[in-house]
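Heads up: the sequence shown is residues 433 to 591, going by our numbering. Even for Gly, the Cβ is constructed at its ideal location relative to N, Cα and C. Reviewing the structure listed below.
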Amino acid sequence: MIALRPSAGVFGWPAAIALGGSVAFAFLMVVTRSLRGTPDVQLASMQFFGTLLFGIAVAPFGWLTPGPRDVGLFMLVGGLAVFASLCVNRSLKLAPASIVVPYQYSMIVWAAIFGYLVFTDVPSLATIAGAAIIIGAGLYIFLRERSLGREDAIVSPPV
């Protein structure tokens, strides 16, 4: 709430879409962890095809034909997304979510760095304070779960 600084003017379709994306990502992490016995490529392929089907369903509502530069950027982002998905899936197979998720908080730091480098966007003090609270809460949960011995067994990768 600190980082977002919500007001009546902030709530709208962009906020609803971002909230829906956050809920969907959290659900994805839970489902991915529960499917840890599924082969990596199969799991990533199903995630890719699910995204493709969703894209096909919603594309007619706002389609703009991309230019050659945009197609190249889409391909780059798609490749990075598949690589990221494989990494997240593998990490959730090998370790409990309470260990993996705190590393995902580094996305906040990377978003701030890339936002500055690409868009010259400087995070406000409220955004930095909110991010620090989010990261601190995640680290607290990580340390508490560890001290209570609630972590699942860490799986050793096959050699």
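DSSP-derived helix/strand/coil call for residue i
| i | result |
| --- | --- |
| Pro555 | coil |
| Phe443 | coil |
| Gly482 | helix |
| Pro492 | helix |
| Ile434 | coil |
| Ile537 | It is worth fixing the name first, because residue 537 is Tyr in this sequence and not Ile. In this structure, Tyr537 counts as coil in the three-state DSSP scheme. |
| Ala516 | helix |
| Arg468 | coil |
| Ala527 | coil |
| Pro498 | coil |
| Gly581 | coil |
| Leu575 | helix |
| Val591 | Confidence is the limiting factor: at Val591 the pLDDT is only 43, short of 50, which leaves the residue's position unreliable and the question unanswerable from this model. |
| Ile449 | helix |
Identity of the residue in the options nearest residue i by Cα
| i | options | result |
| --- | --- | --- |
| Ser466 | Ser523, Leu485, Pro446, Phe443 | Ser523 |
| Phe486 | Tyr548, Ala569, Gly453 | Gly453 |
| Ala458 | Ser579, Phe551, Gln536 | Gln536 |
| Met461 | Val490, Leu451, Val532 | Val532 |
Under 8 angstroms between C-beta atoms of residue i and residue j
| i | j | result |
| --- | --- | --- |
| Pro534 | Leu505 | no |
| Ala476 | Leu518 | yes |
| Asn521 | Asp553 | no |
| Ser530 | Ile573 | yes |
| Ala558 | Ile434 | yes |
| Val509 | Phe480 | no |
| Ala516 | Ile540 | no |
| Pro555 | Ala544 | yes |
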